[in-house]
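For the sequence shown, the numbering used here assigns the number 20 to the initial residue and increments by one for each residue that follows.
C-beta atoms are modelled at their ideal positions from N, C-alpha and C, and glycine is treated no differently.
Structure first, then comments.
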Amino acid sequence: MHVRQRRGNRFALAAFVATNVLTPASRAADSRDAAFAAAMASVTEQELLGHAGVLADDSLEGREAGTRGGLAAARYIESRLEDAGLQPAGDGGRFAQRFNGNMQNLLAVRPGSDPDLADQYLVLGAHYDHVGYGTRRNSNGPVGYIHNGADDNASGVAALLEVADALAAIDFHPRRSILFAFWDGEEKNLLGSRHWVRQPTVPLPQVKAAVNVDMVGRLTDGTLIVAGTRTGYGSRQLLSTSRLPAGVQIDFSWEFKENSDHWPFAAAGVPAFVVNTGIHDDYHRPSDDVEKLNVPGMRLATQYLVEAVMRLADADDLPRYRAAGLGETPELRTAREQPLPPLPPRTAVEWAAPVAGDPAGVLVVAVPPDLTADGGEQDAVAEQLRPGDRVVACDAVAVRTVADLKSLLLTAEQSAALVVHRTGVAEPLSVVLPLSGKPLRLGASWRSDEAEPGAAWVTRVVPHSTAARAGLAVGDRIDRVAGEPFADADALLVRMRELLASETQIISLRVETAGRLRTVIVDVTRPAASGDATL
């Protein structure tokens, strides 16, 4: 089989990485990044499809727990665990943990290497059973036909087997131990994972996090769903990455239910996450076949898992359990994540961009007759600034676009000095435009999320502001300023005020957007005055 043929290539890759990338010392950032890249590159569509094809074949008759098809699936998984060099972690030195007659969980461990962390465990699990021929209780019909469960959950098992192979390929020695768990009886009310939590093969208090992989074979619109991050403080930051391919995003869903093998862990006080690509029309139907899998999407999901597992296994600390995460819902998310309303404009004057062939400058479209600086009587500016005027400078800085002008007005003090060209007037005119509100150096607002200490959720970005020009957007999460972490939203406010009050011209922010980590460079300098701006 092609799967076995590639073992030699993987061991060659391991030797290369060990010689050229990894060092005996603790992993430096560059070595860690190289290890991530090498492990992720070893994941192939061919092997994922191979695993899923075996498990979702008609000969396994839908892999119902305890049946001959389920037992055949277990034998295949055991052979792959042996090939990956993993140690048995079931009962009596075997991979299997038997329960309820013929049902069995399959458990294997990659031991930790850090003397202080090796007795901690990260559980990475996926259920390998399905619903057999289907019944009225577990099938969406028609019943009586083989339900191969290619997505549910041959795809998740294939992903886990590839993660195991990827870690073997680079000879990864995690600081924490990684327990690979293949659950049986998930389709019968989570029997396998519930049994393991009641009778764990490693001490349950030493399990610091659990990742459940259930249905990763139908990536749609590039959205990978990761739920459960709210069961562990700061989990979202750990499960975000700078390596998401273009067009791929993570939905950190608040939909967290008692519907798969993450739940027994979360209910037992372990931060637990579930990775999937969503429900589809073939769910629990005979039509969930391997031909419908999005195999390139499976590879993307598996590569994400490889990095996430390596990051969790090597983190100095893992998230503390947060019980409130079990009861939070998408509806609560909608209520909590309401952005702030827009700020009122600093002036009611209406502007328009010049069109081709027009004279230079931003066109004044309308000047309200009641325009005032502080809400008093009609201001003289209504007489000075007229529709049809063209603004060519603001506070001695040349203006070419509406965006230029609005940006300058946001950072101006209580008024702005405009230079105006007017039809029929030979010389430029000077107009003082009064402004309402306060100047905005940044133009962004944020708030804390109790589940994500050390991050601030952006609730408003003023159009044309410094923050907007830098690319900051509502919904972004900031977790670093100038490369340094901060405690909470209040601490971020203090730090930003310090930087804005200093001579700092550039502020670097690390920002997470839909699971993607990126650096946002904020230029807080005002454009320099131009000597010829008023001509």
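- Three or more Cβ pairs closer than 8 Å define a contact, and the segment 283-298 falls short of that threshold against the segment 364-383.
- Judged by DSSP in its simplified three-state form, Leu125 adopts strand.
- Here His146 is bridged, per DSSP, to Trp202.
- Proximity of the segment 152-169 to the segment 219-233 falls short of the contact definition, fewer than three beta-carbon pairs being nearer than 8 Å.
- The three-state secondary structure of Arg195, taken from DSSP, is coil.
- Spanning the alpha carbons of Asn313 and Glu469 requires a straight line of approximately 36 Å.
- CA-to-CA, the gap between Ser158 and Phe118 works out to about 24 Å.
- The continuous beta strand (DSSP E) containing Val480 extends over residues Ala475 to Val480.
- Closest in C-alpha terms to Gly236, from the list Leu186, Leu518, Trp202 and Ala169, comes Ala169.
- Under the rule that a run must span 3 or more residues, the beta strand (DSSP E) segments found entirely inside the segment 460-516 read 463-467, 475-480 and 496-500.
- For Ala487, the closest alpha carbon among the candidates Val543, Tyr302 and Val410 is that of Val543.
- Just so you know, the alpha carbons of Leu243 and Glu347 end up roughly 20 Å apart.
- The way I'd put it, the segment 473-480 does touch the segment 347-366; three or more beta-carbon pairs between them come closer than 8 Å.
- Going by DSSP, Val374 is part of no beta strand (DSSP E) at all; its letter is neither H nor E.
- Between the beta-carbon of Asp507 and that of Ser467 there is about 5 Å, and that keeps the pair under the 8 Å contact cut.
- Relative to the Cα of Gly144, the nearest Cα in the group Val150, Leu125 and Thr154 belongs to Leu125.
- A straight line joining the alpha-carbon of Ser61 with that of Ala327 spans about 15 Å.
- A distance below 7 Å between beta-carbons, with the five flanking residues on each side excluded, links Gly241 to the following residues of its chain, in chain order: Gly266, Val267 and Gln268.
- Secondary structure note for Thr353: its alpha helix (DSSP H) is the uninterrupted segment Pro349 to Arg355.
- By the Cβ test, the segment 489-500 is in contact with the segment 531-545, since at least three Cβ pairs between them sit closer than 8 Å.
- With fewer than 16 other Cβ atoms from the protein chains shown falling within 10 Å of its own Cβ, Ser449 counts as exposed.
- Restricting attention to Gly253, Arg156, Ser132 and Tyr95, the CA atom closest to the CA of Glu471 is found in Gly253.
- Between Gly69 and Arg99, the alpha-carbon positions lie close to 12 Å from each other.
- Spanning the alpha carbons of Gly131 and Leu198 requires a straight line of approximately 10 Å.
- Linking Arg113 to Arg499 through their CA atoms gives a straight-line distance of about 45 Å.
- Sequence-distant partners of Gly151 (beyond 5 residues in either direction) whose C-beta falls short of 8 Å from its own C-beta, in its chain, are Glu80, Gly81, Arg82, Glu83, Thr86, Gly88, Ile165 and His166.
- Considering only Ala54, Ala53, Leu67 and Asp49, the residue with the shortest C-alpha distance to Leu319 is Leu67.
- The criterion of a C-beta distance shorter than 7 Å is not satisfied by Leu404 and Val421.
- Taking 4 residues as the minimum length, the segment 215-254 contains no alpha helix (DSSP H) run wholly inside it.
- Scanning the segment 49-116 from its first residue to its last, the whole alpha helix (DSSP H) runs of 4-plus residues come out as 64-74 and 87-102.
- Val245 is positioned such that its CB atom lies closer than 7 Å to that of Phe271.
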